[in-house]
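See below for the structure under consideration.
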Amino acid sequence: MLHIGWSGLLWTVINLLVLCLLLKKFLWQPVTDKIESRQKEIRQNLAVAEEQRIQAAKVKADYDARLAQAERESQELLRQAEDRGRREYQAILASARTAAEALAGETQRQLEGERSAMLAAVRKEVAGLAMLAASQVAGRQLGSGDDRALLEEFLAEGTLAETGGGL
Amino acid sequence: MFSYKSLSEAAAKVYDESRRKGGGILDKLKEVLAESMAGTPAVSVFGLFSVPQSVVVTWILMALLTGASLILTRGMQRIPNGRQTLLELGVGTFNHFCEENLGRHWRVFAPWLFTVAVYIAAANLSGLIGLAPPTRDLAVTAALALMSMLLIYGAQFRFRGLGGGLKKFAQPMPVLLPINLMEVFIRPLSLCMRLFGNVLAAYVIMEMIKTLAPAVVPVAFSLYFDIFDGLIQTLVFVFLTALFLGESIEEEE
Amino acid sequence: MTLAIGAALAVFTGIGAGIGIGIATGKAAESIARQPEAADKIRGTFILGAALAEATAIYGFITALAIIILK
Chain A
425 MLHIGWSGLL WTVINLLVLC LLLKKFLWQP VTDKIESRQK EIRQNLAVAE EQRIQAAKVK
485 ADYDARLAQA ERESQELLRQ AEDRGRREYQ AILASARTAA EALAGETQRQ LEGERSAMLA
545 AVRKEVAGLA MLAASQVAGR QLGSGDDRAL LEEFLAEGTL AETGGGL
Chain B
96 MFSYKSLSEA AAKVYDESRR KGGGILDKLK EVLAESMAGT PAVSVFGLFS VPQSVVVTWI
156 LMALLTGASL ILTRGMQRIP NGRQTLLELG VGTFNHFCEE NLGRHWRVFA PWLFTVAVYI
216 AAANLSGLIG LAPPTRDLAV TAALALMSML LIYGAQFRFR GLGGGLKKFA QPMPVLLPIN
276 LMEVFIRPLS LCMRLFGNVL AAYVIMEMIK TLAPAVVPVA FSLYFDIFDG LIQTLVFVFL
336 TALFLGESIE EEE
Chain C
365 MTLAIGAALA VFTGIGAGIG IGIATGKAAE SIARQPEAAD KIRGTFILGA ALAEATAIYG
425 FITALAIIIL K
């Protein structure tokens, strides 16, 4: 009966070796491979994610820098435009002022001219009237040029003395 | 002390006697014990040759385990579903355990340890589906322990070379040489007897309980003796094997 | 009669196993209370130790059975 014990032992050894091959092939290996491939994948994904994160940070920094640059440029442009506007405004204002002053001066000169012309006419008229009155009074015709010139001179002196150069 | 040979012969004698007589619980226990120690009754395979019953049960378990592996690993995906998650959790935990105990060479030994774990667990639980647990046969546990020891000392010489392997017996100090050499035989003997004894004891106690209280009571005890104890013994066997293995291949500092 | 006494003596190994497992459990509980974060490692060591201690009881039990039955 002893050989049954030993044959059982031998058979069990064979069985265990066969079972080891079977379980390794059908259970342990596939599952372990699966786990390890997933771990590898996760590690890779994490590495890629880290890389992308760094990349994104770089892009963001770049973008921020560019944004700041654009901001500065626009500020500069705005300032320049403002400057130019102010300068043009000043120029326009200045030219308008000179034009207005010129116009005012012109007008004044005109007015003065007209006034002096009018005064001259009035004086002439008054001299005529005075001569007429004097001739009427003297009973004789004062038609000669000497008399008339004399009167006008007189009137001109009188007026100048009266007004004192006020005009 | 008794030798395996004389024990087997005595057991065989008692087994034959008890077979002839039949009868009460003591006879039945005698029968079981004799069976366990002398090898389970021979079963003829297609009339060609005869093998012990435990071997036939092992074949059934092998077929079941292989079938279960094929079904369980079928259609595994990148993103696991519930079944695959459980499977991966189990195998992953086991691999982690191996890595912790065996260091960087764990991959070489993991399949064998995995096989031992699955086989012992299945064998210890096979009583639940009405099979006679093969681990109740001393030949089976002896084979398991023997293989584990061959693996352990084989690995010791394989990884350290002949000189290094021999020197390992004199570590941590030369005084321990006799003890280390004795361990070569004590370790497999204790592995083998522990597993066998536990399963047999659980079986004997369950039979006694069933005789005393045939109804509901055995269920509660069956939970402990058949399931818990069976799994704990699996754990212990694999744990000890991994521990010895890790010790024999651990690298010099 | 002598066989029965021998078997009974063999079963006394259970005392040692009981004391051993008791001490192991007590120390394990103490250790977990002191270092709850190492509970997993302690549990593993404890189960191993308990199994080793329990093995002696099992050896005694088998010896007793062998003495009685395989006389």
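Protein chains in written order, with this note's numbering: chain A, 425 to 591; chain B, 96 to 348; chain C, 365 to 435. The beta-carbon is built from N, C-alpha and C at its ideal position, and this holds for glycine as well. Quantities reported herein were computed from a predicted structural model and do not represent experimental measurements.
Residues near residue 548(A) by beta carbon distance below 8 Å, same chain, minus five either side: 576
Proximity to residue 431(A) [Cα-Cα], best of 165(B), 234(B) and 197(B): 234(B)
Under 7 Å by beta carbon: chain C residues contacting residue 239(B): Identification of chain C residues near residue 239(B) by a Cβ-Cβ cut-off of 7 Å yields none; the smallest Cβ-Cβ distance measures about 15 Å.
Extent of the continuous alpha helix (DSSP H) to which residue 291(B) belongs: 272-307
Nearest-angstrom Cα separation, counted from residue 509(A) out to residue 529(A): A direct Cα-Cα distance of roughly 30 Å separates residue 529(A) from residue 509(A).
Own chain, CB closer than 7 Å to residue 589(A), minus 5 neighbours either side, in chain order: Legend: pLDDT at residue 589(A) = 47, less than 50; position of this residue unreliable, value from coordinates given subsequently. Closer than 7 Å at Cβ, skipping near neighbours: no residue.
Contacts that residue 327(B) makes with chain C (C-beta to C-beta distance below 8 Å): 411 and 415
Minimum Cβ-Cβ distance from residue 426(C) to chain B less than 8 Å: yes
Beta-bridge partners of residue 137(B), as assigned by DSSP: 147(B)
Contacting positions in the stretch 194-218 of chain B - beta carbon closer than 9 Å to chain A: 202, 205, 206, 207, 209, 210, 211, 213 and 214
Pairwise C-alpha distance: residue 179(B) and residue 168(B): 7 Å
Alpha helix (DSSP H) segment containing residue 599(A), residue limits: This structure cannot settle anything about residue 599(A), because the visible part of chain A is limited to 425 through 591.
Residue 374(C) vs residue 431(C) beta-carbon contact at 8 Å: yes
Residue 209(B) versus residue 486(A): straight-line alpha-carbon distance, rounded: In a straight line, the C-alpha of residue 209(B) is about 55 Å away from that of residue 486(A).
Meets three-Cβ-pair contact criterion under 8 Å: the stretch 234-245 of chain B and the stretch 285-303 of chain B: These segments touch.
Exposure label - residue 139(B); buried when at least 16 CB within 10 Å: exposed
Candidates 524(A), 579(A), 454(A) and 483(A), of which the one nearest residue 555(A) by Cα: 579(A)
Below-8 Å beta-carbon distance, residue 146(B) vs any chain A residue: yes
Whole-Å CB distance - residue 156(B) paired with residue 221(B), under 8 Å assumed: 6 Å
Touch test, the stretch 437-457 of chain A against the stretch 181-201 of chain B, Cβ-Cβ under 8 Å, three pairs minimum: yes
Per-residue DSSP class, three states only, for residue 266(B): coil
Validate contact between the stretch 197-213 of chain B and the stretch 327-344 of chain B using beta carbons, cut 8 Å, 3 pairs: yes
Delimiting residues of the alpha helix (DSSP H) encompassing residue 191(B): Taken as a continuous stretch (DSSP letters only), the alpha helix (DSSP H) holding residue 191(B) covers 177-197.
Inter-residue Cα distance where the pair is residue 407(C) and residue 261(B): Cα-Cα distance, rounded: 34 Å.
Residue 325(B) burial status per 10 Å Cβ neighbour count (16 or more: buried): buried
Selection from 229(B), 336(B) and 320(B) that minimises the alpha carbon distance to residue 127(B): Considering only alpha carbons, the answer is 229(B).
Three-state class that DSSP yields for residue 376(C) in the structure shown: coil
Residue 365(C) in three-state terms, based on DSSP: coil
N- and C-terminal bounds of the alpha helix (DSSP H) containing residue 213(B): 201-220
Beta-carbon proximity of residue 332(B) to residue 290(B), cut-off 8 Å: yes
Proximal chain B residues relative to residue 447(A), where beta-carbon distance stays under 8 Å: 160, 161, 164, 206, 209, 210 and 213
Limits of the alpha helix (DSSP H) - the one that residue 313(B) falls within: 312-317
Straight-line Cα distance separating residue 523(A) from residue 562(A): 57 Å
Beta-carbon proximity check, residue 412(C) vs residue 334(B), cutoff 8 Å: Cβ atoms of residue 412(C) and residue 334(B): closer than 8 Å.
8 Å Cβ cutoff, residue 429(C) in contact with chain B: Interface residue (Cβ-Cβ distance to chain B less than 8 Å): residue 429(C) is classified as such.
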